[in-house]
Amino acid sequence: MSVNAVAQTSSQELPRVLSINLCADQMVLLLAQSQQILALSSLSREKSGSYFHQRAMAYPQVDPVAEDILKYAPDIVLTGPYTSRYTLSLLDELGVQVESLSIANSIEDVLFNIKIVGALLAQSARAAEIAEHIRLTLSQYSDQVSALLQKSNHRPRAAVFDANGYTVGAESIRGEAMRLAGWHNVAEERGITSYGVLDLEDLIRLQPDALIESPYSEDTYSRGQRLTQHPALRATGIDPLIIRIPSNQTICEGPWTLDVIGELVNAHAQHSLTIN
6 MSVNAVAQTS SQELPRVLSI NLCADQMVLL LAQSQQILAL SSLSREKSGS YFHQRAMAYP
66 QVDPVAEDIL KYAPDIVLTG PYTSRYTLSL LDELGVQVES LSIANSIEDV LFNIKIVGAL
126 LAQSARAAEI AEHIRLTLSQ YSDQVSALLQ KSNHRPRAAV FDANGYTVGA ESIRGEAMRL
186 AGWHNVAEER GITSYGVLDL EDLIRLQPDA LIESPYSEDT YSRGQRLTQH PALRATGIDP
246 LIIRIPSNQT ICEGPWTLDV IGELVNAHAQ HSLTIN
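Right, here's the structure in full:
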């Protein structure tokens with residue numbers, strides 16, 4: 006997202022925005038005033054993926070094709086890294102301002118995206134308030150985690166374990182959330198830095214104290230719970246705590262990542278009680 010683009014929109018009064026990306030939807034719903042929002046992506050109302058799915062009910066949905074987008078005559082189209090290049094090129098040729106929201110792999114990335122989108126939507130003051138809330142809450146969590154670590158003198162071991170063994174390393178937003186909540190991410194011992202896969206043999210060798218999962222549906226069975234019943238794992242005596250995080254807090258990144266960190270801090274405290 007260019008500095009020039011931000012400068013151009015900063016002088017405009019309440020530009021009208023259309024989003025064609027789930028994570029861009031969340032930023033629009035977080036920062037824009039209602040009269041600014043023309044339409045959102047078709048995923049914006051999905052409870053399992055959209056943190057603001059209830060807010061999204063108030064706005065039309067639009068398909069990510071130029072013909073549908075142009076009907077709304079938006080001042081800005083906000084998208085993400087996986088939008089069709091053909092659609093983006095066509096919108097650019099027609100003179101539509103298109104801004105792509107980068108994936109946030111850290112809290113600093115989240116703060117950057119909030120600042121940029123706030124400027125684009127002429128909502129910089131709102132963005133600054135949200136950023137300050139994030140920093141304050143992180144400071145409070147840091148104090149809690151410091152107290153926990155002083156008592157136990159070690160970080161409990163955990164791994165993200167989603168469908169097909171999908172996991173994360175330190176260079177991801179959930180990896181950072183684990184660290185900020187005082188957990189040691191055992192996936193790093195497998196050399197995983199951003200995203201990767203853990204299998205049963207990995208878990209037996211790494212022996213995590215907890216497994217963190219985010220099933221896409223509330224009715225989806227718990228892979229972590231099922232895994233703990235596996236004969237090979239039970240034979241080792243490993244009985245990890247299962248930490249379930251709603252998928253609409255992990256698919257996209259934003260202030261709701263604080264909820265993830267808070268849940269992990271609470272789980273850290275719960276684990277500490279079992280070993281003290």
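Under the working numbering, the first residue of the sequence shown is numbered 6, with each subsequent residue one higher. Even for Gly, the Cβ is constructed at its ideal location relative to N, Cα and C.
Worksheet item: In whole angstroms, what is the alpha-carbon distance linking G267 and L95?
Response: Here residue 267 is taken as the residue at index 262 of the sequence shown, counted from 1. Here residue 95 is taken as the residue at index 90 of the sequence shown, counted from 1. Spanning the two alpha carbons is a distance of roughly 43 Å.
Worksheet entry | Rounded straight-line distance, which links the Cα of D114 to that of V122 | Start at 1 with the first residue of the sequence shown, and residue 122 comes out as number 117. Start at 1 with the first residue of the sequence shown, and residue 114 comes out as number 109. Cα-Cα distance, rounded: 12 Å.
Fill in: Beta carbon of P86 nearer than 8 Å to that of S111
Translated into positions along the sequence shown, residue 86 becomes position 81. Translated into positions along the sequence shown, residue 111 becomes position 106. No.
Practice prompt. Determine the closest residue to A215 out of D204, D207, F166, A182, with distance taken between C-alpha atoms.
Written response: Position 210 of the sequence shown, counted from the first residue, corresponds to residue 215. The shortest C-alpha separation from A215 is found at F166.
Worksheet item: Bridge partners of G201, per DSSP?
Response: As a working mapping, residue 201 is identified with position 196 in the sequence shown. DSSP, once it has assigned bridges, lists T172 as partnering G201.
Item to complete: Using DSSP bridges, identify the partner residues of S105.
Response: Along the sequence shown, one-based indexing puts residue 105 at 100. In the DSSP output, where bridge partners are listed per residue, S105 has T84.
Practice prompt. Measure the beta-carbon distance from D80 to R21 and round it to whole angstroms, keeping in mind my assumption that it falls under 8 Å.
Written response: Position 75 of the sequence shown, counted from the first residue, corresponds to residue 80. Position 16 of the sequence shown, counted from the first residue, corresponds to residue 21. Correct: roughly 5 Å between the Cβ atoms.
Fill in: P251 to S219 span [Cα, whole Å]
Walking along the sequence shown from the start, residue 251 turns up at place 246. Walking along the sequence shown from the start, residue 219 turns up at place 214. Their backbone Cα atoms lie some 5 Å apart in a straight line.
Item to complete: From the DSSP output, in three-state form, read off I25 for me.
Response: Here residue 25 refers to the residue found at position 20 of the sequence shown. Looking at I25 - three-state DSSP - the assignment turns out to be coil, as it is neither helix nor strand.
Item to complete: Compute the Euclidean distance between the alpha carbons of A130 and I209, then round it to the nearest angstrom.
Response: For the purposes of this step, residue 130 is identified with residue 125 of the sequence shown, where counting begins at 1. For the purposes of this step, residue 209 is identified with residue 204 of the sequence shown, where counting begins at 1. Their backbone Cα atoms lie some 49 Å apart in a straight line.
Discussion item. In whole angstroms, give me the CA-to-CA distance for L35 and A133.
Written reply: Within the sequence shown, residue 35 is the residue found at index 30, counting from 1. Within the sequence shown, residue 133 is the residue found at index 128, counting from 1. Each residue's alpha carbon lies about 12 Å from the other.
Discussion item. Using a Cβ-Cβ cutoff of less than 8 Å, which residues in the same chain neighbour L154 once the five nearest sequence positions on both sides are dropped?
Written reply: Locating residue 154 in the sequence shown gives position 149, counting from the first residue. R160, G187.
Practice prompt. Consult DSSP for L48 and reduce its assignment to one of helix, strand or coil.
Written response: For the purposes of this step, residue 48 is taken as residue 43 along the sequence shown, with counting starting at 1. The answer is coil: DSSP assigns L48 none of H, G, I, E or B.
Discussion item. Between the alpha carbons of E51 and S199, how many angstroms are there, rounded?
Written reply: Reading the sequence shown from its first residue, position 46 is the one you call residue 51. Reading the sequence shown from its first residue, position 194 is the one you call residue 199. Computed Cα separation, rounded: 26 Å.
Fill in: Through-space distance from Y91 to L126, alpha-carbon basis
By one-based count along the sequence shown, residue 126 stands at place 121. By one-based count along the sequence shown, residue 91 stands at place 86. About 25 Å.
Discussion item. So, with DSSP's three-state summary, where would you put R160?
Written reply: Looking up residue 160 in the sequence shown gives position 155. Three-state DSSP puts R160 in coil, outside helix and strand.
Worksheet item: Quick one, which of S55, K76, P260 has its alpha-carbon nearest N253's?
Response: Here residue 253 refers to the residue found at position 248 when the sequence shown is read from its first residue. It is S55 whose Cα lies nearest to the Cα of N253.
Practice prompt. Answer with buried or exposed for T279, where buried requires no fewer than 16 other C-beta atoms within 10 angstroms of its C-beta.
Written response: As a working mapping, residue 279 is identified with position 274 in the sequence shown. Label assigned to T279: exposed.
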